[in-house]
Structures are given as C-alpha cells and as structure tokens.
Amino acid sequence: MDEQIWSDVDTYIGEHLDMADPSLDATLSSSRAAGLPEIAVSPPQGKLLMLLAASINARRILEIGTLGGYSTIWLARALPGDGELITCEYSSEHALVARKNVDAAGVGRLVDIRIGPAIDTLPTLDGPFDLTFVDADKESNADYFRWAVQLSRPGSLIVIDNTVRQGAIVDASRDDPATLGTRSLYETVADEPRVSATVIQTVGSKGYDGFLLARRLAD
Ligand code: SAH
Ligand code: DHB
Ligand code: MG
C-alpha cells in the first residue's frame, strides 16, 4: 500500500460519484493560480461534508479556515435558500480568492466570510450553528472545539479535519505545535460530557489522516 494507490482510488471515487463540476474545479485552479497552499479537503471529503450537513437539514453552518472556499462551497450546497454559512479566515488574501469562488459558484448570498484570527471572531458570533467544520491552525483546535460546543445545540455536529496526522498523535517523538494541539483536542473532547465523538482514520489524495466527528447531546 502506498500513497499513489490512495490517490488513484480517490480519483476513481471522484470520477464515479459526481464530485467535480466547473465551479469546484475553478475554485481549485484559481486558488492554485493565486499561490494558495493546496490543502483543501479532497473531493470525497468535501462531498462527505455536504452529505453530513444535508443529513441534519443544516440551516446555519460555521466554518473555521476558509482558504479558497472549496470546502465552503461543498457545505453551502447543503443549505436551503435562506440558510447561512459563516466562515472565518485569517488571511485577507485567501478571503478575497474565496469571495470570488463562492460568488462564481452561485452560493455567495449564503456565505459570510469573516476576516481575522478565528479566536477573535468566534466570541462575536451568535449560535446555534447546526454544523461546525474546523480546518484552520491545528494548535488552536482545543479552543475551536470549545467554541464550537458553545455555539451548538443538542443534535449539532462538529467536524474537525486533520486529527490523525499520519499517526503523529501516537508518536512519542513528535512534539510540534500541530501534534501537541491535536493531542490537546482529544483531551478536551474526552473531558466534554456534552458530546459523543469518534475519529475516522482516512487515506486518500491527502495521505494518511482523519477527521473527528462529534455530536452535541441532549442537555
Ligand atoms: N477548509 C479549507 C482549507 C482550509 S486551510 C478547504 O478545505 O477548502 C486552513 C486555512 O485556515 C488557511 O486559509 C489559513 O489562512 C486559515 N487560518 C490559519 N490560522 C487561522 C486563524 N488563526 N484564524 C482563522 N483562519 C486561520
Ligand atoms: C495542512 C492543513 C490542512 O488543513 C490540511 O488538511 C492538510 C495540510 C497544512 O497546513 O499543511
Ligand atoms: Mg485540513
């Protein structure tokens, strides 16, 4: 097993299950042209986000980490016409690229991009959100999780990207900020009685990683 076959299988899945269209393709190509890092969720992951949001009939979505708007567009497509997606992005340059992409994808009216450090934006938001997707600076994930719980209601979902990190979480020699932040996230989730959570390990075009899924329980 190697990364090439994981990537080839992602391509196969994408070709068979309707995961590319001109707006999503244009979002990736304009993001690349603008020099943004190529770290958006993969097409199967983006579609999973859309299906999760649609499954709970999400009307209000919160995203932390917009980049060029690729995951934003997937999530926004699950929303009804009067839905709302607030997405937090540190970089005004990334936000500008994302603004153009979400507008061109026809979901611009649903998407509110808040520029600045997410930790400053989160206290200004009014909940509840039906789904929160966390995909920004990994060292802050415990804080983002706490905010996501605070801004949720019973039944809300919280999805956090990059929570396996090629297994770095169990590699005792790893003490970089993203790994420490990820371990701190697991401890915070474990100590939070208001959610039920799991992590699914993934392979694919983005290598070996995983996402955390938490559901807010009844009060
Ligand atoms: N969710 C996107 C990818 C996000 S990449 C997708 O799948 O398409 C991570 C993004 O988080 C980058 O654009 C980065 O600028 C942003 N970011 C990093 N630190 C941040 C912070 N403290 N607050 C808000 N955004 C941040
Ligand atoms: C990186 C960030 C991500 O959110 C991701 O999914 C993959 C890589 C990174 O910062 O390298
Ligand atoms: Mg990510």
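Mapping of the sequence shown onto our numbering: position 136 corresponds to residue 136, and the numbering continues sequentially without gaps.
We treat Cβ as the ideally placed atom computed from N, Cα and C, and that holds for glycine.
Run through the DSSP bridge pairs and tell me what residue i is partnered with.
i: Gly210; result: Gln201
i: Ser196; result: Arg215
i: Ala132; result: Correcting the residue identity first, residue 132 is Thr in this sequence and not Ala. Leu62, Ile158.
i: Glu89; result: Ile115
i: Glu84; result: Arg60
Given a cut-off of 7 angstroms on the beta-carbon distance, is the pair residue i and residue j in contact?
i: Leu49; j: Trp74; result: yes
i: Ala305; j: Ala78; result: Because the chain spans 1 through 219 in this model, residue 305 falls outside it and cannot be assessed.
i: Glu3; j: Gly207; result: yes
i: Ile113; j: Ala95; result: yes
i: Pro44; j: Ile13; result: yes
i: Ile160; j: Leu85; result: no
i: Ser42; j: Asp18; result: no
i: Lys138; j: Ala178; result: yes
i: Leu180; j: Phe145; result: no
i: Arg174; j: Val195; result: no
i: Ala54; j: Cys88; result: no
i: Ile56; j: Ser92; result: no
Would you mind giving the Cβ-Cβ distance between residue i and residue j, rounded to the nearest angstrom? I have them listed as a contact below 8 angstroms.
i: Val97; j: Ser30; result: 6 angstroms
i: Asn141; j: Thr182; result: 6 angstroms
i: Thr27; j: Gly69; result: 6 angstroms
i: Ser23; j: Ser205; result: About 19 angstroms; that fails the 8 angstroms criterion.
i: Leu157; j: Leu52; result: 6 angstroms
i: Arg153; j: Asp209; result: So it is not a contact: roughly 28 angstroms between Cβ atoms.
Have a look at the options and flag the residue whose alpha-carbon is nearest the alpha-carbon of residue i.
i: Pro80; options: Arg109, Ala218, Gly155; result: Arg109
i: Val134; options: Ser7, Pro22, Ala214; result: Ala214
i: Ala250; options: Asn162, Arg99, Arg216, Gln150; result: This structure cannot speak to residue 250, because the chain is shown only from 1 to 219.
i: Asp103; options: Gly127, Thr72, Gln150; result: Thr72
i: Trp147; options: Arg99, Leu125, Thr198, Asn101; result: Leu125
i: Tyr90; options: Asp143, Pro193, Asp21, Leu67; result: Leu67
i: Val149; options: Asp176, Ala168, Ala190; result: Ala190
For residue i and chain C, any beta-carbon pair shorter than 7 angstroms?
i: Leu17; result: Of the chains in the structure shown, none is chain C; there is only one protein chain.
Inset, instruction - Decide if the region 61-73 is in contact with the region 118-134; the criterion is three or more beta carbon pairs, one per stretch, under 8 angstroms apart. - result: yes
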